[in-house]
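Step one of this worksheet: look at the structure below.
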Amino acid sequence: MTQRVVITGLGVVSPIGIGIGQFWKSALEGRSGVSAIESFDPFPIDGYRSRVAGQVRHFDPAQFLAPTQAERVDRYAQFALVAAKEAMADSGLRMEMERPHRVGVIVGAGMGGMVMGEREITQLYQQRKPHRVHPNFIPVITLNSASGIVAMHFGAKGPNLTISTACSSSAHAVGQALNCIRNSQADVVITVGADASITPLVFAGFCSLRALSTRFNDRPASASRPFDRNRDGFVMGEGAGALILESLSHAKKRKARMYAEVAGYAATSEAYHMVIPREDGMEVATTIRLALKDAGMTPAQVDYVNAHATATPIGDAVEIKAIKDVFKSRANRLLINATKSLIGHTLGAAGAIGTIVSALAIETGQIHPTINYDDPDPACALPGISKSVQERRIRVALMNAFGFGSNNAAVVLKKLSR
Amino acid sequence: MAADSAITDRILTALAEYLKRDKRSIGTDYSLRDDLGLDSMATIELLFKIEEAFDLQIPDQDLQGLVTVGDVIGYVERRLKPAASAKQAAKSPVKRSRTRK
Chain A
11 MTQRVVITGL GVVSPIGIGI GQFWKSALEG RSGVSAIESF DPFPIDGYRS RVAGQVRHFD
71 PAQFLAPTQA ERVDRYAQFA LVAAKEAMAD SGLRMEMERP HRVGVIVGAG MGGMVMGERE
131 ITQLYQQRKP HRVHPNFIPV ITLNSASGIV AMHFGAKGPN LTISTACSSS AHAVGQALNC
191 IRNSQADVVI TVGADASITP LVFAGFCSLR ALSTRFNDRP ASASRPFDRN RDGFVMGEGA
251 GALILESLSH AKKRKARMYA EVAGYAATSE AYHMVIPRED GMEVATTIRL ALKDAGMTPA
311 QVDYVNAHAT ATPIGDAVEI KAIKDVFKSR ANRLLINATK SLIGHTLGAA GAIGTIVSAL
371 AIETGQIHPT INYDDPDPAC ALPGISKSVQ ERRIRVALMN AFGFGSNNAA VVLKKLSR
Chain B
637 MAADSAITDR ILTALAEYLK RDKRSIGTDY SLRDDLGLDS MATIELLFKI EEAFDLQIPD
697 QDLQGLVTVG DVIGYVERRL KPAASAKQAA KSPVKRSRTR K
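Those protein sequences? They're chains A and B, same order as listed. When you number the first sequence by our numbering, it's gap-free, plus one each residue, and the end is 428. When you number the second sequence by our numbering, it's gap-free, plus one each residue, and the end is 737.
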């Protein structure tokens, strides 16, 4: 029998707060986590076209992790572990009461261990001393280092996977965790999205793609402007989001608090272009329809959309086109927001953080503001997008995530009836 | 005039290499997107090569105005002009002092 799947724990490391409490409070206040990048030591920041990012400030690994844990993984995996610890504590799960092979870990990560990666690569080519490459280099940059360290910390011996599909990575992590539990491969999946690659080379790479905002370097908090007429590209971010996905029967048995049900998921490729979406939005519309079908829902039942909305000139308009195509006149009654307006684009973490925001929207009935939505672009304007907090009972939420490599994902969450 | 045709020639050569076609088949009035079939990513790649060839850095906000091959040629000429006239100004004072002597 197919299991139903629910979310029982949340955890986050973000540019607007470490921990769900601080994150959600900041989100509702419309606080921006985007700030100026001081330098990419040793490169002065004025060598870069974009000079702002959603940075996680005051993150001291020693505060959260044992020295052996902190030193052996890169920043993105440290974020992943901190978020996972919060989510597990939030869920009330006790590993000693669980069968360890029934608890899995699925991580979505786009870039992975780039902090140490770039350092070691640079050092090798400058000094030409292969013997001086750090022994931890391989374990740190291997893209499954986060899923490994999370499993090790909790003794979770179930399916252990890392999904890397750029900006949609952790949306797929949520979706694959859903499938895993539906198919009874696991009772619980610690589901994480994480990325921390605001590094000299990666940041330069995104600048060279001409994908980043460059016109608001003097006003960092204004730089991430999804759906706004003056948007000029996305703002890079870093962070991690973690969710505990669990079968409904398992959660009920231990009387867990449930935020929402993960009702549906779709994974598709546009098979079109590495970085450009199909401008007519038809592929995105298909992904949304497939996710709703998987959830057994119709467009008429959806109340809220946590949009992918990176603030690229083309991407935002494509997403709204797709939403209008799927929802028809209901598009005007949907509540829609863009979490990236607050924290920038956290790449591999975006899908998980978007799902967290959707779960909290269902739980609280509150939709955080889309900041910098000062002059709505007519191609994107829908009545449900707002610079203010909105309140409504949310029964069904849709979360979109679209990745480089022509990769689309959509997740549908549903409020559980009491 | 000599500077113009040299710049034009280098840009057409770069375009021809990128597109793998004869540079004589590329008109300066050709639209990068509609006539040469370059999508936004290909345009960025091409301009990256132009930046390298002319030791320029093209800011994001200047990209919008580069619609045709002629736009690219005109843009590069304008960007190189200040450097050319600065070189001229640097040469003149030396000449004048020689004639005075």
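Just so it is clear, CB atoms sit at the ideal spot from N, CA and C, and this is done for glycine as well.
- Scanning A/I363, A/I47, A/A266 and A/V92 for the CA closest to the CA of A/I208 turns up A/I47.
- For the pair of segments examined, the stretch 352-362 of chain A was found to touch the stretch 159-179 of chain A: the number of CB pairs separated by less than 8 Å reaches three.
- With 16 or more other Cβ atoms from the protein chains shown falling within 10 Å of its own Cβ, A/K331 counts as buried.
- Using a Cβ-Cβ distance cut-off of 8 Å, the stretch 142-157 of chain A and the stretch 229-245 of chain A are not in contact, since fewer than three pairs of beta carbons, one from each stretch, lie closer than that value.
- Taking a beta-carbon distance threshold of 7 Å, B/D696 counts as an interface residue toward chain A.
- A/F412: not part of any alpha helix (DSSP H); member of the beta strand (DSSP E) spanning V406 to G413, first to last residue.
- A/A371 is classed as buried because its beta carbon has at least 16 other beta carbons within 10 Å across all chains shown.
- Exclusion of the five residues before and after A/T12 leaves R192 as the residues of its chain whose Cβ lies within less than 6 Å of its Cβ.
- Residue contact check for B/I643 against chain A: no CB pair falls below 7 Å.
- Spatial neighbours of A/I333 in its own chain (CB-CB distance under 6 Å, excluding positions within 5 residues in sequence) are listed in chain order as A341.
- Cβ neighbours of B/L692 within its own chain (closer than 6 Å, five residues either side excluded): R715.
- Taking 8 Å as the upper bound on Cβ-Cβ separation, chain B lies near residues H283, M284, V285 and I286 of the stretch 279-290 of chain A.
- Identification of residues in the stretch 219-231 of chain A having a C-beta nearer than 9 Å to some C-beta of chain B yields L219, R220, L222, S223, T224 and R225, given in sequence order.
- By the Cβ neighbour-count rule, A/D384 is exposed, with fewer than 16 other Cβ atoms within 10 Å of its own.
- Of the candidates A/A196, A/P77, A/D335 and A/E289, A/D335 places its Cα closest to the Cα of A/P309.
- Boundaries cannot be given for A/A119, as no alpha helix (DSSP H) includes it and DSSP labels it neither H nor E.
- Counting of Cβ neighbours within 10 angstroms places B/Q697 among the exposed residues, the total staying below 16.
- Judged by DSSP in its simplified three-state form, A/S60 adopts coil rather than helix or strand.
- Between the beta-carbon of A/S101 and that of A/L352 there is about 25 Å, and that puts the pair past the 8 Å contact cut.
- Neighbourhood of B/L699 in chain A, by CB distance below 8 Å: R220, in chain order.
- Taking CB atoms only, B/I680 has a neighbour in chain A less than 7 Å away.
- In the structure shown, A/N193 adopts coil according to DSSP, grouped into three states.
- Among the residues of the stretch 138-167 of chain A, none has a Cβ less than 7 Å away from any Cβ of chain B.
- Ranking A/T172, A/R85 and A/V202 by CA distance to the CA of A/T365 puts A/V202 first.
- A Cβ-Cβ contact shorter than 7 Å links B/A689 with B/R646.
- A/T349 is the residue among A/A419, A/F412, A/T349 and A/Y269 whose C-alpha sits nearest the C-alpha of A/V399.
- In this structure, A/A204 sits away from A/H318, with a CB-CB distance that is not shorter than 7 Å.
- Per DSSP, A/Y135 is one residue of the alpha helix (DSSP H) stretching across M124 to Q137.
- Rounded to whole angstroms, the separation of the alpha carbons of A/V22 and A/F50 is 25 Å.
- The beta carbon of A/L219 sits closer than 8 Å to those of V285, all from its chain and outside the five residues before and after it, given in chain order.
- For A/L38, same chain residues with a beta-carbon under 7 Å away, outside a window of 5 residues either side, are Q376, H378 and V399 in chain order.
- In this structure, the alpha-carbon of A/S24 lies about 8 Å from that of A/Q65.
- Neighbourhood of B/F684 in chain A, by CB distance below 8 Å: S218, in chain order.
- Around A/R59, the beta-carbon contacts reaching into chain B at under 9 Å are Q693, P695 and D696.
- In chain A, no part has a C-beta under 7 Å from the C-beta of B/D670; the shortest such distance is about 15 Å.
- According to DSSP, A/L255 shares a beta bridge with A/I17 and A/V199.
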